[in-house]
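See below for the structure under consideration.
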Amino acid sequence: MTPSLLVVDDDAFIRQLVEATLADDDVHLSFASTGWSGLERALTAAPDLVLLDIDMPFMDGFEVCKLIRSDLRSRRTEVVFLSASSKTEDKVRGLELGASDYVTKPFDADELRARLHRVLKAKAASDATRSRRVDDFIARALA
Amino acid sequence: MYPSHDNQVAIGAGATNSNGQEDRSNTRNATAEVVRSALANHKTIGRLLPLFIGDLPGQVASVFALIAEGDLIAARRIVHGLKGCGGGYGFPDITRLATQAEILFDQGADRIRVQGALEELAVYLRRIEGYEPSRERVAA
Chain G
1 MTPSLLVVDD DAFIRQLVEA TLADDDVHLS FASTGWSGLE RALTAAPDLV LLDIDMPFMD
61 GFEVCKLIRS DLRSRRTEVV FLSASSKTED KVRGLELGAS DYVTKPFDAD ELRARLHRVL
121 KAKAASDATR SRRVDDFIAR ALA
Chain E
1001 MYPSHDNQVA IGAGATNSNG QEDRSNTRNA TAEVVRSALA NHKTIGRLLP LFIGDLPGQV
1061 ASVFALIAEG DLIAARRIVH GLKGCGGGYG FPDITRLATQ AEILFDQGAD RIRVQGALEE
1121 LAVYLRRIEG YEPSRERVAA
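So the protein sequences, as listed, match chains G and E.
FYI, in this note's numbering the residues of the first sequence are 1 to 143.
FYI, in this note's numbering the residues of the second sequence are 1001 to 1140.
See the structure below:
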């Protein structure tokens, strides 16, 4: 199944760069330009991965990540931060909030692709394991 | 000449000047030589460049207008955006100069120093091929 990736960034030029970077990849992309709309989309669509900016007006990426992690609907959605901040405290805070990775802008296209695919691959494996466990549980319950 | 336009081109690679040589000039002693994106021939980034460059005069006008109004938070946001985007569009010096300006914002440096860093950034931006200074007036 094609993995889904939501890009949340208030900068249209970054959204375009990410789209261009992943143009040849088998990934279903969607976009949000504010933290709030990104959160709304993450909760309703539960994408496999949210690529999340930090420095956005009104609701920053840390807040969005916290809410994604705490809601049952999006609990299995992976978060990768994409930020122009290279401060260690921001990287640590992002990872402590449950992000799978943290990439700094400006980004290297090949590196971003590699990091996103690594996270998506791990999630697919985790989803498959979880699905097998559920199937086994149901089979035992029905036996 | 310019880097090939396959996917192996690192976004953020060094910009080139109009002679196709890597631009290592410091903007303090910059000439009026035109700067071209290192990704001008990249198959997808190259197509996005006119939009990015076309938006720069508006950002320059806005940042100086915001500084004049004393809205440092909004001015810093524009600079932060340029820092994040510049290298991705093949202009690492935009990222470098915007980073310097952002540091001054974050340090609470006086307005003259901030303005100086922004002027240095603006001088570089105006050297970019396709940059239309007349659009600064329209944007302002």
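C-beta: ideal position from N, C-alpha, C; glycine also.
When DSSP assignments are scanned along the segment 40-86 of chain G, the uninterrupted stretches of beta strand (DSSP E) that are 3 or more residues long and fall wholly within it turn out to be 49-52 and 78-83. The beta-carbon of residue 20 (chain G) is placed less than 8 angstroms from the nearest beta-carbon of chain E. The segment 86-122 of chain G is shown to contain whole alpha helix (DSSP H) runs of 4 or more residues at 88-96, in chain order.
Pairing residue 121 (chain G) with residue 6 (chain G), the inter-Cα distance amounts to about 16 angstroms.
For residue 1048 (chain E), the neighbours in chain G by C-beta distance under 8 angstroms run, in chain order, 13, 16, 17 and 20.
Against chain G, the CB of residue 1112 (chain E) has no partner CB under 8 angstroms away; the residue lies outside that interface.
Note that the C-beta distance between residue 43 (chain G) and residue 79 (chain G) is not below 8 angstroms. Looking from the CA of residue 1084 (chain E), the closest CA among E:1052, E:1120 and E:1133 belongs to E:1052.
Against chain E, the CB of residue 90 (chain G) has no partner CB under 8 angstroms away; the residue lies outside that interface.
Separation of residue 90 (chain G) and residue 71 (chain G) (C-alpha to C-alpha, rounded to the nearest whole angstrom) is 22 angstroms.
Shown here for residue 94 (chain G): same chain residues with a beta carbon closer than 6 angstroms to its own, the five before and five after excluded, namely 81 and 102 in chain order.
In its chain, beyond the 5 residues on either side, 34, 35 and 36 have a beta carbon closer than 8 angstroms to the beta carbon of residue 58 (chain G).
The CB of residue 1103 (chain E) never comes closer than 7 angstroms to any CB in chain G; the least such distance is about 11 angstroms. Annotation: Cβ neighbours of residue 1045 (chain E) in chain G (cutoff 8 angstroms, chain order): 17 and 20.
Interface residue (Cβ-Cβ distance to chain G less than 8 angstroms): residue 1052 (chain E) is classified as such. Following the DSSP letters along the chain, one finds residue 143 (chain G) in no beta strand (DSSP E), marked with neither H nor E.
The shortest CA-to-CA distance from residue 1133 (chain E) to any of E:1055, E:1042 and E:1045 is the one to E:1055. The beta-carbon of residue 107 (chain G) is placed less than 8 angstroms from the nearest beta-carbon of chain E.
Residue pairing by DSSP places residue 5 (chain G) opposite G:29 and G:49 in a beta bridge. For residue 1032 (chain E) against residue 1127 (chain E), the beta-carbon gap comes to about 7 angstroms, under 8 angstroms, which counts as contact.
In the three-state reduction of the DSSP assignment, residue 1034 (chain E) falls in the coil class, being assigned neither a helical nor a strand state. Rounded to the nearest whole angstrom, the C-alpha separation of residue 1072 (chain E) and residue 1048 (chain E) is 29 angstroms. Annotation: residue 1034 (chain E) to residue 108 (chain G) spans about 25 angstroms, alpha carbon to alpha carbon.
Check the Cα spacing between residue 1086 (chain E) and each of E:1066, E:1125, E:1120 and E:1136: the tightest is with E:1125. Taking a C-beta cut-off of 7 angstroms against chain E, the contacting residues of the segment 54-69 of chain G are 55, listed in chain order.
If you draw a straight line from the Cα of residue 1129 (chain E) to the Cα of residue 1091 (chain E), it is about 11 angstroms long. For residue 84 (chain G), a Cβ of chain E is located within less than 8 angstroms of the residue's own Cβ. Under the criterion of beta carbons closer than 8 angstroms, residue 85 (chain G) and residue 55 (chain G) qualify as touching, at roughly 7 angstroms. The beta carbon of residue 23 (chain G) sits closer than 8 angstroms to some beta carbon of chain E.
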